[in-house]
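Engineer: The structure under discussion is supplied below as structure tokens; questions concerning it will follow.
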Amino acid sequence: MQNVKKNRISLLLFFLALFGLSVGVFDNYRELWMSTNGLQTVSISHVISISYIITVLVLFYFTIRTSLDKLKWGTCIALVLNMISGAILIYLNGTGNTFWIKFLMFFNIAFSQLILASVYPLITSFEKNDVLYTKKDMVETLFNKLGFLFVAILLGKTIFHTIINYNICLLLSVFFNFLAFGVLVAIPIENSKESKFDLKKTLTYFNKNKIFYQFLFGNILSEMIWGAVLGMPMLLLTKNLEFDSTFASFLILGLGIASSLLSMLTVKYFRFKNDRYNLFIKFGIRIFFYFLVFITANPFVLYFTIMFLLIFEQPYGFLFNGYFINHIKEEYSLFLTTLRYCSSLIGRAIGTFFCGLVFNMGFRIYILPALIIGIIHYFFACNLIKKKETLK
Numbered sequence: 005m006q007n008v009k010k011n012r013i014s015l016l017l018f019f020l021a022l023f024g025l026s027v028g029v030f031d032n033y034r035e036l037w038m039s040t041n042g043l044q045t046v047s048i049s050h051v052i053s054i055s056y057i058i059t060v061l062v063l064f065y066f067t068i069r070t071s072l073d074k075l076k077w078g079t080c081i082a083l084v085l086n087m088i089s090g091a092i093l094i095y096l097n098g099t100g101n102t103f104w105i106k107f108l109m110f111f112n113i114a115f116s117q118l119i120l121a122s123v124y125p126l127i128t129s130f131e132k133n134d135v136l137y138t139k140k141d142m143v144e145t146l147f148n149k150l151g152f153l154f155v156a157i158l159l160g161k162t163i164f165h166t167i168i169n170y171n172i173c174l175l176l177s178v179f180f181n182f183l184a185f186g187v188l189v190a191i192p193i194e195n196s197k198e199s200k201f202d203l204k205k206t207l208t209y210f211n212k213n214k215i216f217y218q219f220l221f222g223n224i225l226s227e228m229i230w231g232a233v234l235g236m237p238m239l240l241l242t243k244n245l246e247f248d249s250t251f252a253s254f255l256i257l258g259l260g261i262a263s264s265l266l267s268m269l270t271v272k273y274f275r276f277k278n279d280r281y282n283l284f285i286k287f288g289i290r291i292f293f294y295f296l297v298f299i300t301a302n303p304f305v306l307y308f309t310i311m312f313l314l315i316f317e318q319p320y321g322f323l324f325n326g327y328f329i330n331h332i333k334e335e336y337s338l339f340l341t342t343l344r345y346c347s348s349l350i351g352r353a354i355g356t357f358f359c360g361l362v363f364n365m366g367f368r369i370y371i372l373p374a375l376i377i378g379i380i381h382y383f384f385a386c387n388l389i390k391k392k393e394t395l396k
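Residue numbers in the sequence shown follow my numbering, run continuously in steps of one, and reach 396 at the last position.
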């Protein structure tokens with residue numbers, strides 16, 4: 005029985021690896037694909053924002069109404085629809101049919117996010133432990149970056165008389181989705197005997213512990229800032245800072261790897277006992293850079309700010325996320341994880357919407373939403389650190 009469980013977990017991680025490749029080979033170039041097909045930056049930001057909201061709505065339904073055994077087939081359906089929408093988008097490339105491109109891209113992004121969000125609940129149907137969660141996170145991140153690296157090397161080159169362009173990246177994404185679908189269908193999941201999700205009981209618990217609401221609101225603010233600056237990173241680097249797509253790809257990839265390594269070192273060597281110091285390094289220094297960009301309107305300062313954001317994306321993540329998830333009753337931990345993911349998408353959707361509005365207004369106006377929200381978030385986070393003591 006133990007071997008059967010291990011085989012199922014291995015298959016699920018293999019599925020995640022293939023889907024991670026699918027995400028990595030196209031998601032980083034998605035906005036550039038849309039740009040080459042005639043969509044303006046404002047439209048692109050709207051597509052990304054609305055797709056995140058769609059994901060949140062569907063994810064809430066999956067969490068409240070769907071059992072784990074049905075979740076597998078819901079994920080399979082999302083994967084099939086993701087492939088279908090991707091295949092049609094490949095066909096629409098270069099046609100100038102912006103209405104259908106926007107419409108299908110809404111759902112293509114939403115399906116991808118929904119599938120990623122469904123993996124951990126599927127894993128918990130076999131086993132629940134921190135080691136397995138870490139493996140899941142590592143596999144997802146590793147293969148996403150491998151997919152990104154693969155196409156970054158090949159982009160612009162000619163192979164078998166075919167130029168590797170953004171549409172080929174989309175084709176590769178659909179191909180890896182197909183392989184992932186074959187693996188997911190083959191994974192047996194027993195019928196769930198778990199009790200139905202009790203929304204009333206859950207809300208009663210959260211209403212008695214309102215600090216979790218504050219944590220989620222802080223998460224929304226944090227993601228709003230990120231989306232306002234890096235909601236469309238490839239467009240920002242290639243259009244506003246005028247880098248070529250290959251350099252932009254390796255910059256994002258290299259700094260992402262550096263961020264992962266720094267995160268491990270931070271937990272072991274650079275974690276202060278006083279969380280206010282941790283908070284300042286994670287968020288306070290960012291405000292200083294936003295202010296510099298606003299004052300100077302200098303592209304080099306903006307470039308340096310982007311580098312700092314990408315390097316410190318993962319370090320000091322323990323400040324709030326891990327703390328609150330570890331201090332909630334176990335029966336509500338999965339729901340809080342889902343809410344955190346949804347709040348992240350909502351925040352990033354709002355931030356990306358702002359990013360699209362100010363994208364072409366100059367560096368000073370571009371950074372202004374992040375600066376304003378960043379100051380509000382920092383004082384809110386300082387207050388939240390004080391209230392963390394109530395959970396001890």
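The beta carbon of each residue, even a glycine, is placed where N, CA and C say it ideally should be.
What residue range does the alpha helix (DSSP H) around phenylalanine 304 cover?
Structural biologist: Element bounds for phenylalanine 304: 303 to 315.
Engineer: Whether or not the region 51 to 65 and the region 169 to 182 are in contact is what I'm after, with contact meaning three or more pairs of Cβ atoms, one per stretch, closer than 8 Å; do they touch?
Structural biologist: The region 169 to 182, when compared against the region 51 to 65, does not touch it at the 8 Å Cβ threshold.
Engineer: Any contact of the region 374 to 388 with the region 221 to 239, i.e. 3+ C-beta pairs under 8 Å?
Structural biologist: Judged by Cβ distances under 8 Å, the region 374 to 388 makes contact with the region 221 to 239, as three or more pairs qualify.
Engineer: Just to confirm, are valine 143 and alanine 21 a CB contact at a threshold of 8 Å?
Structural biologist: Yes, they are a contact pair.
Engineer: Quick check on the DSSP output: the alpha helix (DSSP H) that includes leucine 372 runs from which residue to which?
Structural biologist: Run containing leucine 372: 367 to 391, per the alpha helix (DSSP H) assignment.
Engineer: Would you mind working out which of Asn112, Lys74 and Lys333 sits nearest lysine 212, comparing C-alpha positions?
Structural biologist: Selected option, being the one with the closest Cα: Lys333.
Engineer: Could you tell me which of Leu340, Arg290, Leu245 and Gly258 sits nearest to leucine 203, measuring between CA atoms?
Structural biologist: Nearest of Leu340, Arg290, Leu245 and Gly258 to leucine 203, Cα basis: Leu340.
Engineer: Report yes or no: do three or more beta-carbon pairs, one from the region 355 to 367 and one from the region 271 to 291, lie closer than 8 Å?
Structural biologist: No: the two stretches stay apart, fewer than three of their Cβ pairs being nearer than 8 Å.
Engineer: Under 8 Å between the Cβ atoms of phenylalanine 115 and asparagine 86?
Structural biologist: Yes.
Engineer: Give the straight-line distance between the Cα atoms of methionine 268 and leucine 349, rounded to the nearest whole angstrom.
Structural biologist: Their Cα atoms are separated by approximately 25 Å.
Engineer: Assuming phenylalanine 254 is part of the alpha helix (DSSP H), what are its boundary residues?
Structural biologist: Residues 249 to 273.
Engineer: Exposed or buried, phenylalanine 276, counting other C-beta atoms within 10 Å across all chains shown (16 or more means buried)?
Structural biologist: Phenylalanine 276 should be labelled exposed.
Engineer: To the nearest angstrom, how far is it from the Cα of leucine 413 to the Cα of leucine 207?
Structural biologist: In this structure the chain extends from 5 to 396, so residue 413 is not present and cannot be described.
Engineer: Within this structure, are the beta carbons of leucine 126 and leucine 16 separated by less than 8 Å?
Structural biologist: Yes, the Cβ-Cβ distance between leucine 126 and leucine 16 is below 8 Å.
Engineer: Does the region 229 to 241 come close enough to the region 152 to 166 that 3 or more CB-CB pairs lie under 8 Å?
Structural biologist: No, they do not touch.
Engineer: For the region 246 to 265 against the region 310 to 328, do three or more pairs of beta-carbon atoms, one drawn from each stretch, fall closer than 8 Å, so that the two count as touching?
Structural biologist: Touching, yes.
Engineer: Candidates Arg352, Ser249, Val178 and Lys391: which alpha carbon is nearest alanine 91's?
Structural biologist: Alanine 91 has its Cα closest to that of Val178, out of Arg352, Ser249, Val178 and Lys391.
Engineer: Which same chain residues end up closer than 6 Å to serine 253 when comparing Cβ atoms and leaving out the 5 residues on each side of it in sequence?
Structural biologist: Result list for serine 253: Ala156, in chain order.
Engineer: Buried or exposed for glycine 24, please, with buried defined as at least 16 other CB atoms from any protein chain shown within 10 angstroms of its CB.
Structural biologist: Answer is buried; the Cβ neighbour count reaches 16.
Engineer: Which residue comes first and which comes last in the alpha helix (DSSP H) that contains alanine 184?
Structural biologist: Where alanine 184 is concerned, the enclosing alpha helix (DSSP H) stretches over 170 to 189.
Engineer: Taking DSSP's pairing of strands, which residues face isoleucine 167 in a bridge?
Structural biologist: According to DSSP, which records beta bridges pairwise, isoleucine 167 is partnered with Thr162.
Engineer: Could you tell me how far apart the beta carbons of tyrosine 294 and glycine 378 are, in whole angstroms, since I believe they sit closer than 8 Å?
Structural biologist: Going by Cβ atoms, the distance from tyrosine 294 to glycine 378 rounds to 6 Å, so yes, they are a contact pair.
Engineer: What is the C-beta distance between alanine 184 and phenylalanine 19, in whole angstroms, given that I count them as a contact (C-beta under 8 Å)?
Structural biologist: That belief holds up - the Cβ atoms of alanine 184 and phenylalanine 19 are roughly 5 Å apart, short of 8 Å.
Engineer: Reducing DSSP to helix, strand and coil, say where glycine 235 ends up.
Structural biologist: Reduced to three states, the DSSP call for glycine 235 is coil.
Engineer: How far does the alpha helix (DSSP H) with isoleucine 285 in it reach, from first residue to last?
Structural biologist: Segment: none, isoleucine 285 is in no alpha helix (DSSP H) and carries neither H nor E.
Engineer: Determine the burial state of proline 373: buried for a count of at least 16 other Cβ atoms within 10 Å of its Cβ, exposed for fewer.
Structural biologist: Burial call: buried.
Engineer: Between which two residues does the alpha helix (DSSP H) containing phenylalanine 429 stretch?
Structural biologist: In the structure displayed, the chain extends from 5 to 396; residue 429 sits before or after that span and is not available.
Engineer: Give a yes or no on contact between the region 237 to 246 and the region 28 to 37, applying the rule of three or more CB pairs nearer than 8 Å.
Structural biologist: Touching, per the Cβ criterion.
Engineer: Would isoleucine 58 and phenylalanine 103 qualify as a contact pair, given that the criterion is a beta-carbon distance under 8 Å?
Structural biologist: Taking 8 Å as the Cβ cut-off, isoleucine 58 and phenylalanine 103 do not qualify as a contacting pair.
Engineer: Please classify glutamate 317 as buried or exposed, where buried requires at least 16 other C-beta atoms within 10 Å of its C-beta.
Structural biologist: It counts as buried.
Engineer: State the DSSP-derived secondary structure class of proline 125, mapped to helix, strand or coil.
Structural biologist: Looking at proline 125 - three-state DSSP - the assignment turns out to be helix.
Engineer: Using C-beta distances below 6 Å, list every residue in its chain close to asparagine 99, excluding the 5 sequence neighbours before and after it, in chain order.
Structural biologist: Note that residue 99 is threonine in the sequence shown, not asparagine. Around threonine 99: no qualifying Cβ.
Engineer: For methionine 5, count neighbouring C-beta atoms within 10 Å of its own C-beta (all shown protein chains included) and say buried if the count is 16 or more, exposed if not.
Structural biologist: With a pLDDT of 49 at methionine 5, under the threshold of 50, the modelled position of that residue is not reliable, and the figure given next carries that caveat. Counting Cβ neighbours within 10 Å, methionine 5 comes out exposed, since fewer than 16 surround it.
Engineer: Out of Thr166, Asn181 and Gly160, which has the shortest C-alpha to C-alpha gap to asparagine 148?
Structural biologist: The candidate whose alpha carbon is nearest that of asparagine 148 is Asn181.
Engineer: What are the start and end residues of the alpha helix (DSSP H) that includes leucine 36?
Structural biologist: Counting along the chain, the alpha helix (DSSP H) containing leucine 36 begins and ends at 34 to 40.
Engineer: Quick check on asparagine 41: buried or exposed, where buried means 16 or more other Cβ atoms within 10 Å of its Cβ?
Structural biologist: That one is buried.
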